[in-house]
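A short write-up of the structure that comes next.
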Amino acid sequence: MDAGRNFKTTGSSEIGTNNQIYLSANGLIDLYSARVLSVYGVNLFANDSIKLYFSTLNAIGANASISLKTANESGGNNYGLSIDTSWVDYTGGLNLTSGKNINLIDLNLNKTEKIDPKNINIYTGGSFSWDGKSKAQKKINGDLNIQAKDQIELKNLNTITTTGDLKLNGKNLNIGNDLVSEKM
Numbered sequence: 016m017d018a019g020r021n022f023k024t025t026g027s028s029e030i031g032t033n034n035q036i037y038l039s040a041n042g043l044i045d046l047y048s049a050r051v052l053s054v055y056g057v058n059l060f061a062n063d064s065i066k067l068y069f070s071t072l073n074a075i076g077a078n079a080s081i082s083l084k085t086a087n088e089s090g091g092n093n094y095g096l097s098i099d100t101s102w103v104d105y106t107g108g109l110n111l112t113s114g115k116n117i118n119l120i121d122l123n124l125n126k127t128e129k130i131d132p133k134n135i136n137i138y139t140g141g142s143f144s145w146d147g148k149s150k151a152q153k154k155i156n157g158d159l160n161i162q163a164k165d166q167i168e169l170k171n172l173n174t175i176t177t178t179g180d181l182k183l184n185g186k187n188l189n190i191g192n193d194l195v196s197e198k199m
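When we follow this note's numbering, the leftmost residue of the sequence shown carries the number 16, and every step to the right adds one.
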């Protein structure tokens, strides 16, 4: 679905399909209290920014992924991706890409207890920040790969454990919690 300039939800909205969801906007995608459900994957693309607040993204089919991507490296606000108090459930991978900063606050991975989150890949042309609000994080069943042009900051996440590789690459690393890879 091409949303034109901007796409916004203002509360208790649901978007669902038995296929993949592709949502693109020339400006921003702003999901407030929204639930996006897809069997095969959720793909959001915006030139300027994507903001999620109190929202849930579900990709529940076999090996279904969630991908959020913004293109612009300047203009608009500082954040290309801003996710606050939201949930992502997926069986494949989580991919976050932005030319600008990425800010995650209280992002909950796979609130369904049946599935551990799989590979997480994050690429930013700016800084990356993830504040877990001191909640225990689920084990990542795969790799955690964070690549940032500037700073990477991880705080209040307790321990982050992966079964695969743990890769962080940025100008400055500010790590306020334990990082564990169980890869042999």
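The beta-carbon is built from N, C-alpha and C at its ideal position, and this holds for glycine as well.
Annotated three-state conformation of Asp104 is strand, per DSSP.
Annotated three-state conformation of Ala86 is coil, per DSSP. Apart from sequence neighbours up to five positions away, the residues of its chain that approach Arg20 with a beta-carbon distance below 7 angstroms are Ala40, Asn41, Gly42, ordered along the chain.
Under the 8 angstroms Cβ criterion, the segment 118 to 125 does not count as touching the segment 73 to 80, having fewer than three qualifying pairs.
Secondary structure of Thr25 (DSSP, three-state): coil. About 6 angstroms separates the beta carbons of Asn78 and Thr106, which is inside the 8 angstroms limit, making them a contact pair. Per DSSP, the continuous beta strand (DSSP E) segment holding Ala74 begins and ends at 71 to 74. For Glu197, the three-state secondary structure derived from DSSP is coil. When the five nearest sequence neighbours on each side are left out, the beta carbons in the same chain lying within less than 7 angstroms of the beta carbon of Gly26 are those of Tyr47, Ser48, in order along the chain. Here Ser101 is not near Tyr138, since their CB atoms are 8 angstroms or more apart. The DSSP-derived three-state label of Gly147 is coil. Boundaries of the beta strand (DSSP E) harbouring Ala163: 159 to 163, taken from the DSSP string.
By the neighbour-count criterion, in which a residue is buried when 16 or more other Cβ atoms sit within 10 angstroms of its Cβ, Lys115 is buried.
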